[in-house]
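A short worksheet on the structure shown next.
Here you go:
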């Protein structure tokens, strides 16, 4: 090896070392920036409702995770308002820093009762969700104004060993009733994977509502056949909603059919002062 070849080899080695060092420094910087961004953002906690499950939030989750929000999608037991609220409250207690609590449908009854004085919960977002007053039930609220067609679409109850009853929506009626603005194939998957709710949960009275002390935001579709739009409007006005979005043509699962709009209002709640 002559001296020129040796020198060229040394130069090449130095270039490689500097290049690798740049990659490492750049990657470390990106990681630190991401961690810093997440540290400055509240954790968004999602609670699904009856006849749904955590994956119903996937479209919204994708958008918020991309923007650096820490997220948790809770598996709502759907056994009863108080017991479900106690479970969600236990999840909230393990989260450090500010929280935005997002709920769909019956999940709204749960989150309304789950805050329990947790000062980390800075905002409530009701996504086609119940926001009951103390003593109210989901069944009573959904029937307060005309328009709900849920009851005739329910399958015969599944009787449990303890005498309780689990409720499902008939799969053949799920698309039209629950998710009319979702593609048929997606709605069939949702129908097949739906989680049952105990019948008694719909008739269990709510406790002291968190929306009286925690700022609330509302979004719902004007073609919701589970909870009529008039009911949503009534609840949002009563809770002095900071912002209410009505999505034209949207069904009960507005978070599935319009994830952009739902993610936007959640960000609005997350960044409100």
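Residue numbers (full-length UniProt numbering): 1 to 273. Cβ coordinates follow ideal geometry from the N, Cα and C atoms, glycine included.
For residue 99: DSSP bridge partner residues: 43, 121
CB contact flag (residue 80, residue 155, <8 angstroms): no
Cβ-Cβ distance between residue 278 and residue 145 below 8 angstroms: With the chain represented from 1 up to 273, any question about residue 278 goes unanswered, as that position is not in the structure.
Selection from 98, 66, 83 that minimises the alpha carbon distance to residue 271: 98
Through-space distance from residue 157 to residue 165, alpha-carbon basis: 6 angstroms
Closest Cα partner of residue 252 within the set 60, 167, 232: 232
Euclidean distance between Cα positions of residue 137 and residue 263: 28 angstroms
Beta-carbon contacts of residue 244 that lie in its chain and below 6 angstroms, excluding the five residues immediately before and after: 218, 236
Whole-angstrom C-beta distance between residue 93 and residue 118, which should lie under 8 angstroms: 7 angstroms
Cutoff 8 angstroms; reference residue 63; Cβ partners in own chain excluding five residues on either side: 259, 260, 263
Own chain residues within Cβ distance below 6 angstroms of residue 150, not counting five before or after: 226
Stretch pair the region 188-199 + the region 208-223: three plus CB contacts closer than 8 angstroms: no
Exposure label - residue 160; buried when at least 16 CB within 10 Å: exposed
Cβ-based burial, residue 209 [other Cβ within 10 Å; buried from 16]: buried
Reduced DSSP secondary structure (H/G/I, E/B, other) of residue 165: strand
For residue 130 and residue 148, the rounded distance between their alpha carbons: 13 angstroms
Opposing strand residues paired with residue 217 [DSSP bridges]: 125, 243
Helix, strand or coil at residue 56 [DSSP, three-state]: helix
Three-way DSSP call (helix, strand, coil) for residue 137 in this model: coil
Rounded separation between residue 247 and residue 105 - CA only: 16 angstroms
Cβ neighbour criterion (16 or more within 10 Å) applied to residue 206: buried
Reduced DSSP category for residue 154 - H, G, I as helix; E, B as strand; rest coil: strand
Distance between beta carbons of residue 124 and residue 101, contact taken as under 8 angstroms: 5 angstroms
Coil, strand or helix - residue 104 by DSSP: strand
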